[in-house]
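Basically our numbering = 1-based index in the sequence shown + 4. Data first, discussion second: the structure below is written as structure tokens.
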Amino acid sequence: MFTMQMRVGGFRPKWVAFFLLVWIGGLCSCNAAWGQGGDFIDGAIWRFTMVSKTGPSTTLKGQYRISDRIVFQKHTPTDAELNKQVGKNFPRGKKTRLEFTDFRAVDRSGEWRKGMKGTARLTYERYGRWTGILTDQSGNNWQFTCNRVKE
């Protein structure tokens, strides 16, 4: 008797099933990540420290968000989001200039300073870290260091 077996281009149903499962699993995990609330932010969040270079040693800290070259902070310390526009960013390679119009920071005692104006000229130090000098509206200089904490 004559039997004929046909092999079609090395088709292996087990491999096809495996790749389909991996592909579907990838789609499910992506949708789960996109669906989690609070994980998406627009721009990058930075934590900063500024130390007075003139007069008594004062340290101020806080955070801000930069998105589309606009600087944002919280309206009040209890707000959950950084959505109040407080300045602009002017990047230029490994240097940047931040101009603040309503900057806020907290001192060691927990007292908030609001309405600060000034210009920070920063230089890229390493990945996620910039340092430089902030000159406030009174002409006082501050050592300004910021680190990216979320993107």
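Glycine is no exception: its CB is placed at the ideal position from the N, C-alpha and C atoms. Since this is a predicted model, take the numbers as computed values, not measurements.
Query: Just to check my reading of the structure: GLY66 and ALA109 have Cβ atoms closer than 8 Å, yes? What is that Cβ distance to the nearest angstrom?; Result: 4 Å
Query: Is the separation between the beta-carbon of THR80 and that of ARG112 shorter than 8 Å?; Result: no
Query: How should GLU146 be labelled, buried or exposed, when 16 other C-beta atoms within 10 angstroms of its C-beta is the threshold for buried?; Result: As written in the sequence, residue 146 is Trp, which differs from the Glu given in the question. TRP146 is buried by the Cβ-count criterion.
Query: Would the beta-carbon of ARG152 fall within 8 Å of that of GLY132?; Result: yes
Query: For the putative contact between ALA48 and LYS154, defined by C-beta atoms under 8 Å, what is the C-beta separation to the nearest angstrom?; Result: 7 Å
Query: According to DSSP, is SER71 part of a helix, a strand, or is it coil?; Result: strand
Query: For GLY91, list the residues DSSP reports as bridge partners.; Result: VAL75 and PHE104
Query: Using the C-alpha atoms, what's the distance from ASP106 back to LYS92?; Result: 11 Å
Query: Check LYS121 in the structure and name its three-state DSSP category.; Result: strand
Query: When burial is assigned at 16 or more other CB atoms within 10 Å of the CB, is TRP116 buried or exposed?; Result: exposed
Query: From which residue to which residue does the beta strand (DSSP E) around ARG133 run?; Result: 133-140
Query: Using a threshold of 8 Å, state whether the C-beta atoms of ASN87 and PHE104 are closer than that.; Result: no
Query: Out of curiosity, what's the CA-to-CA distance linking LYS57 and LYS99?; Result: 21 Å
Query: How long is the line joining the alpha carbons of ILE74 and GLN89, rounded to whole angstroms?; Result: 7 Å
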